[in-house]
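Student: Residue numbers (the numbering used here): 6 to 93.
Ideal Cβ placement from N, Cα and C applies to all residues, glycine included.
Please read all numbers here as calculations on a predicted model, not as lab measurements.
Have a look at this one:
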């Protein structure tokens, strides 16, 4: 129950990072849009599961954990893409 506000803040920050990266990042625009879309669908699905199941359901706890991982990954997506495309 206490994870809701930090998850919301982290989700908002990661959405800002991923959207900014997908619009103005380096590399192929199609790949950036694909990565941002998949990431967004995962984050929305986790939030939908948490809100649909309620805070006390054990499956909602798992969805919260996955949402934290997805939101944290969103903060590092630009750096991961830069690291992966360095060899090209």
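What would DSSP say about residue 79, mapped onto helix, strand or coil?
Tutor: Here residue 79 carries a helix assignment [DSSP, helix/strand/coil].
Student: Which first and last residues belong to the alpha helix (DSSP H) in which residue 1 is found?
Tutor: Because residue 1 is not part of the residues shown, which for the chain are 6 to 93, the question remains open.
Student: Using only the alpha-carbon positions, how far apart do residue 48 and residue 33 sit?
Tutor: 23 Å
Student: Along the alpha helix (DSSP H) that carries residue 45, what are the first and last residues, could you check?
Tutor: 34-58
Student: Is residue 76 buried or exposed, if buried means 16 or more other CB atoms sit within 10 Å of its CB?
Tutor: Classification for residue 76: buried.
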